[in-house]
Amino acid sequence: RSRRQEEISRRVRNTTQAAIHYEGISESGLGWLGGNRYSITLKLGDIAYQIASDDVQTGLLEKYATWLNSFDSSQTVQISVVNRVLSQSDVRLQSELPLRGDGLDQYRAEFNRIIDNRLSRGRNNTVTDKFATITVESEDFEEARTKLMRLAAESIAYLRGVGGCKAEIVSGYGRVELLHSLLHPATESQFAFDYDELGDLGMSSKDVVAPWSLDFTDKSMFVMGNETDTYGQVLFLDRLPAWLSDQVVRS
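In structure tokens form, the structure reads like this:
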């Protein structure tokens, strides 16, 4: 190749967009990861696990494990647990009671003071979202859509039997918004995204979610550069023990 071609290739390879390993996400929520790999994401609802008896907890874990093991060798499922810290203004807006001038405002004011005290101590302002991303191999987009929609429907139906877990398909907008929140964790500005505008501007969703910079110079951590730099580290379990507590992530 010519020197100019090598320079262009190096520039493309070194963009933050190139470091995000997917090619596109349709409005319906199907993602093309490149080659013959496609994915879909489900948002998983909460279940009453912590307050259940030991026998019920064991049954829930067995059903959950059965679902995870139901995927064949050409399919993968990735579970993501995303903790979001809400701003104090957002929590107040959602939680505090407006005064009405009806003689009960003293109680509303007391309730609002309790909310403010909890927020000042950093309590009750964290929201945990859980997602399952299913990936398959297919010859083309239509075949992938058929496979993924079937797997999604089967998973949604099965998970209802796991403590009544309500699962739903995440739309393309939802997946882009989620990626943006993960790659711009310190950004407080309102997320804005429109599929129609992408075509007009000649952009892809990767241009929307990509951070300003990614620095992997330090092998022990990485730095995402945005309005505020964010430092991260990846840990993995190398050798799983024969027994693992269900509290391992929490503790």
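Residue numbers for the sequence shown follow our numbering, beginning at 2 and rising by one.
Quick reminder that beta carbons are idealized off the backbone N, C-alpha and C, glycines included.
Source: prediction; values computed, not measured.
Whose C-alpha, out of the options, is nearest the C-alpha of residue i?
| i | options | result |
| --- | --- | --- |
| L152 | S40, I52, K131, G25 | S40 |
| N37 | D216, Y232, S121, K148 | K148 |
| S139 | A53, R176, A193, Q76 | Q76 |
| Y196 | S172, L87, D219, H185 | S172 |
| V210 | H181, L236, F194 | H181 |
| E228 | Q234, D201, L184, S246 | L184 |
| L215 | D208, M225, Y159 | M225 |
| R146 | R101, G32, E198 | G32 |
| R114 | D103, L105, L98 | L98 |
| S156 | S71, Y23, G203, E24 | S71 |
| T218 | K207, M204, Q234, S205 | Q234 |
| L87 | T127, F142, K64, L241 | T127 |
| Q95 | S221, L120, L105, D106 | L120 |
| L1 | Y232, A110, V249 | Examination of residue 1 is not possible in this model, given that the chain is present from 2 through 252 alone. |
Below 8 Å on the Cβ atoms is my contact criterion, and I expect residue i with residue j to pass it. Report the Cβ-Cβ distance as a whole number of Å.
| i | j | result |
| --- | --- | --- |
| T16 | Q79 | About 24 Å; that fails the 8 Å criterion. |
| V82 | K131 | 6 Å |
Just to confirm before moving on: does the CB-CB distance between residue i and residue j stay below 8 Å?
| i | j | result |
| --- | --- | --- |
| G164 | A243 | no |
| I26 | R176 | yes |
| R85 | I116 | no |
| G30 | I170 | yes |
| A168 | L160 | yes |
| S190 | L199 | no |
Kindly identify the DSSP beta-bridge partner or partners of residue i.
| i | result |
| --- | --- |
| M225 | L215, T231 |
| A154 | In the DSSP output, where bridge partners are listed per residue, A154 has none listed. |
| A133 | L43, I80 |
| G36 | In the DSSP output, where bridge partners are listed per residue, G36 has none listed. |
Does the Cβ of residue i lie closer than 7 Å to at least one heavy atom of the ligand ATP?
| i | result |
| --- | --- |
| N118 | In the structure shown, the ligand ATP is absent, as is every other ligand, since no ligand is present at all. |
May I have a chain-ordered list of the beta strand (DSSP E) segments no shorter than 3 residues that lie completely inside the segment 160-198?
168-170
In the segment 49-128, which residue ranges form an unbroken alpha helix (DSSP H) of at least 4 residues, counting only runs that do not cross its ends?
55-69, 89-96, 106-121
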